[in-house]
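**Q** Below you'll find the structure I mean.
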């Protein structure tokens, strides 16, 4: 009798387990699994958003078209320039600032919060602010002129190809520097003080301390932050979209996501856009996989 | 904490460190100061050389016209309400769904549990940007264009949220749950009156993350929304950017208005913004 009851109790719990999980599964199926499977299928068809004809199977045509398209490679190049140009300085400077914060004994929280403040704004607001700063009469030109001792030079932040690429990197760098600094601060904070103390007793100076103790122990954090930044940069959209909406030339900042958006919404070429999405997915999948591997190793404790 | 206090205090002075930090803070805060000061100035002052920095009183027409909108129909208020509805509902239902699922995965044994967990975690590998076009097609087929449901539904299933809630609840003592069962409480009551109230910190972190992600969201509303009435604040702002002769003072006033909820949240709940869970997850949004 008792045995039977125990069994039914277990069964009951299993049923409740499913009841709790099923709502989520329905949502994940509808808005994650189905779209990604659908994307793979659509990328082999030539669906046009406006055309009434049923989409035709075109095999690899969408992909071969992309690989031959100059515009596609330009958007790949733009994304690559942005990603490398952003993540290298971002990681280097946030590491530097984190070490500075950990070196001082007062106002640590104040500096962290101040540096983090821009991350609170939405990317649309960030783009709006910088649009005015990069105006020919704006603060960017005033600052550069003061710095270089020139007068009235227009640095063409939003019209020159290379300056435009630099401008969007500045916006991104500004928005996320504090965020990554905070990540590094918690990374450094996790290093046991006993290690630092031992090094100091052995007479290490600050320089040695950083390169021999802090940096090697921070390597997992650094790697993780780097990959995270790269993933973020690969899917950058807002600043580029808004700058081009505001009248800046689109070609130098036509990144992949912007290109997907325009191909689907302005040119109505769904098949081609999904093929691009799949290529983006594959690249980001690899990066995310690396990130997950790294975040697992990051949990390795120090010694 | 006091142990890390003397971190790095070598013999050299800290002067350089302080200098770097102060310089970095000033540089980072200048654009923010620009936003606030410019929002209080008439447009002719904003692009004057050099920038005057200190406004002569607050130029209220900026804010008034920002709220009135380019066509004078106060559409800003409607758009702000849309943003609140969308971000609020996503935050509420994401928390609920993640908590329910996380609880189911943490505290109930059933066949296929690990498979379910792995499937959900696998969706973290699918970036939104890669599925937005197929998702847009799904939304169109379901008739979700230009509706609140279209803006809300795709974001309720949140793999990170499930992960966070599961990790949080896995340490929840089974004895309490079993005691409640013996007392005759139903499973739903146990969840709503014991488990959920005990999940405060995880719930707060997740709610803020979800709210922020939707408040800032541009790409998805851009795809789904068509009418001015259904626009959210980011889309309202893009209207100003698309027009060549927008008044700079109004633009900055709108920027301040759009940022106020986040600034208030940040100032009151900064610990949830600058917490490690919040940070690592924000990138997944």
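Chains as they are written, first to last, in our numbering: chain A, 639 to 941; chain B, 497 to 781. Each residue gets a CB set at the ideal place from its N, CA and C atoms; glycine is no exception.
Helix or strand or just coil, what does DSSP make of residue 910(A)?
**A** In the first chain, counting from the first residue as 1, residue 910(A) sits at position 272. In this structure, residue 910(A) counts as helix in the three-state DSSP scheme.
**Q** Within its chain, find whatever has a CB closer than 7 angstroms to the CB of residue 801(A); leave out the 5 residues flanking it on each side and keep chain order.
**A** The residue you call residue 801(A) lines up with position 163 of the first chain. Taken in chain order, the residues that qualify are 793, 794 and 795.
**Q** Go through its chain and collect everything with a Cβ distance to residue 866(A)'s Cβ below 7 angstroms, but skip five positions before and after it.
**A** For the purposes of this step, residue 866(A) is taken as residue 228 along the first chain, with counting starting at 1. The residues are 929.
**Q** Can you confirm whether the region 743-754 of chain A touches the region 743-756 of chain B when touching is taken to mean that 3 or more C-beta pairs between the two stretches lie within less than 8 angstroms?
**A** No: the two stretches stay apart, fewer than three of their Cβ pairs being nearer than 8 angstroms.
**Q** Using a Cβ-Cβ cut-off of less than 9 angstroms, give me the residues of the region 894-913 of chain A that come near chain B, in sequence order.
**A** Within the region 894-913 of chain A, the qualifying residues are 894, 895, 898, 899, 901, 902, 903, 908, 911 and 912.
**Q** Cβ closer than 9 angstroms: which chain B residues qualify as neighbours of residue 769(A)?
**A** Working through the first chain from its first residue, we reach residue 769(A) at position 131. By Cβ distance, chain B contributes 737 and 747.
**Q** Strictly by DSSP, which residues pair up with residue 695(A)?
**A** For the purposes of this step, residue 695(A) is taken as the residue at position 57 of the first chain. Paired residue(s): 683(A).
**Q** With distances taken between CB atoms, is the gap from residue 872(A) to residue 921(A) smaller than 8 angstroms?
**A** Start at 1 with the first residue of the first chain, and residue 872(A) comes out as number 234. Start at 1 with the first residue of the first chain, and residue 921(A) comes out as number 283. Contact: yes.
**Q** Closest by CA to residue 729(A), which one among 773(A), 884(A) and 810(A)?
**A** For the purposes of this step, residue 729(A) is taken as residue 91 along the first chain, with counting starting at 1. Measuring from the Cα of residue 729(A), the nearest candidate turns out to be 810(A).
**Q** Report all residues from its chain with a CB closer than 8 angstroms to the CB of residue 697(A); omit the five preceding and five following residues, and keep chain order.
**A** The residue labelled residue 697(A) in the question sits at position 59 within the first chain. Only 682 meet the Cβ criterion.
**Q** What's the C-alpha gap between residue 472(B) and residue 541(B)?
**A** Limits of chain B in this structure are 497 at one end and 781 at the other, which puts residue 472(B) out of reach.
**Q** Can you tell me whether DSSP reads residue 864(A) as helix, strand or coil?
**A** One-based indexing of the first chain puts residue 864(A) at position 226. It is helical.
**Q** At the level of alpha carbons, what is the spacing between residue 683(B) and residue 705(B)?
**A** For the purposes of this step, residue 683(B) is taken as residue 187 along the second chain, with counting starting at 1. For the purposes of this step, residue 705(B) is taken as residue 209 along the second chain, with counting starting at 1. Roughly 28 angstroms separates the two Cα atoms.
**Q** Any beta-carbon of chain E closer than 8 angstroms to the one on residue 609(B)?
**A** Absent here is chain E; the protein component of the structure consists of chains A and B.
**Q** List the residues of chain B whose Cβ lies closer than 8 angstroms to the Cβ of residue 651(A), in chain order.
**A** For the purposes of this step, residue 651(A) is identified with residue 13 of the first chain, where counting begins at 1. Per Cβ cutoff of 8 angstroms: 604, 605 and 606.
**Q** Using the beta-carbon count (16 or more within 10 Å), is residue 654(A) buried or exposed?
**A** The residue given as residue 654(A) occupies position 16 in the first chain. Label assigned to residue 654(A): buried.
**Q** Give the residues of chain A in contact with residue 597(B), contact being defined as C-beta atoms less than 7 angstroms apart.
**A** Along the second chain, read from residue 1 onward, the residue named residue 597(B) stands at position 101. Within chain A, the residues near residue 597(B) are 658, 659 and 662.
**Q** So which of 583(B), 529(B), 619(B) and 681(B) has the shortest CA-CA distance to residue 728(B)?
**A** Here residue 728(B) refers to the residue found at position 232 of the second chain. Checking every option, the nearest Cα to that of residue 728(B) belongs to 583(B).
**Q** Cα separation between residue 762(B) and residue 758(A)?
**A** For the purposes of this step, residue 762(B) is taken as residue 266 along the second chain, with counting starting at 1. For the purposes of this step, residue 758(A) is taken as residue 120 along the first chain, with counting starting at 1. Going by the C-alpha atoms only, they are around 7 angstroms apart.
**Q** Can you have a look at residue 666(B) and say buried or exposed, based on whether 16 or more other CB atoms are within 10 angstroms of its CB?
**A** Looking up residue 666(B) in the second chain gives position 170. Residue 666(B) comes out exposed.
**Q** Under the assumption that residue 527(B) contacts residue 768(A) (Cβ atoms under 8 angstroms), give the Cβ distance between them as a whole number of angstroms.
**A** Residue mapping note: residue 527(B) aligns to position 31 of the second chain, counting from 1. Residue mapping note: residue 768(A) aligns to position 130 of the first chain, counting from 1. With a Cβ gap of about 7 angstroms, residue 527(B) and residue 768(A) count as contacting.
**Q** Please list the partners that residue 701(B) has in chain A, where partner means a Cβ-to-Cβ separation under 8 angstroms.
**A** Along the second chain, one-based indexing puts residue 701(B) at 205. Chain A residues near residue 701(B): none, gap ~15 angstroms exceeds 8 angstroms.
**Q** Can you find a C-beta in chain B that's less than 8 angstroms from the C-beta of residue 787(A)?
**A** The count along the first chain starts at 1 and reaches residue 787(A) at position 149. Chain B contact via Cβ: absent.
**Q** For the candidate residues 757(B), 743(B) and 753(B), whose alpha-carbon lies nearest to that of residue 566(B)?
**A** Taking the second chain and counting its residues from 1, the one referred to as residue 566(B) is at position 70. It is 743(B) whose Cα lies nearest to the Cα of residue 566(B).
**Q** For a quick check, are the C-beta atoms of residue 772(A) and residue 743(A) less than 8 angstroms apart?
**A** The residue labelled residue 772(A) in the question sits at position 134 within the first chain. The residue labelled residue 743(A) in the question sits at position 105 within the first chain. No, the Cβ-Cβ distance between residue 772(A) and residue 743(A) is not below 8 angstroms.
**Q** Looking only at its own chain, which residues have a Cβ that is under 8 angstroms from the Cβ of residue 760(B), when we skip the five neighbours before and after it?
**A** Numbered from 1 along the second chain, position 264 holds the residue referred to as residue 760(B). No residues qualify anywhere along the chain.
**Q** Can you find a C-beta in chain A that's less than 8 angstroms from the C-beta of residue 723(B)?
**A** Indexing the second chain from 1 puts residue 723(B) at position 227. No, no contact with chain A.
**Q** In chain B, which residues lie less than 9 angstroms from residue 697(A) when you measure between Cβ atoms?
**A** For the purposes of this step, residue 697(A) is taken as residue 59 along the first chain, with counting starting at 1. Simply none; closest approach about 19 angstroms.
**Q** Measure the C-alpha to C-alpha separation of residue 808(A) and residue 651(B) and round it to an integer number of angstroms.
**A** Taking the first residue of the first chain as position 1, residue 808(A) is located at position 170. Taking the first residue of the second chain as position 1, residue 651(B) is located at position 155. The alpha-carbon atoms of residue 808(A) and residue 651(B) are separated by roughly 30 angstroms.
**Q** Expressed to the nearest angstrom, what Euclidean distance is found between the alpha-carbon atoms of residue 480(B) and residue 658(B)?
**A** Past the boundaries of the shown model lies residue 480(B); chain B is included only from 497 to 781, so the question cannot be answered.
**Q** Against residue 711(B), what residues of chain A qualify as contacts under a CB-to-CB distance less than 9 angstroms, listed in chain order?
**A** Walking along the second chain from the start, residue 711(B) turns up at place 215. By Cβ distance, chain A contributes 760.
**Q** So which residues of chain B does residue 703(A) contact, with C-beta pairs closer than 8 angstroms?
**A** By one-based count along the first chain, residue 703(A) stands at place 65. Under the 8 angstroms cutoff, chain B gives no residues; its nearest Cβ is about 16 angstroms from residue 703(A).
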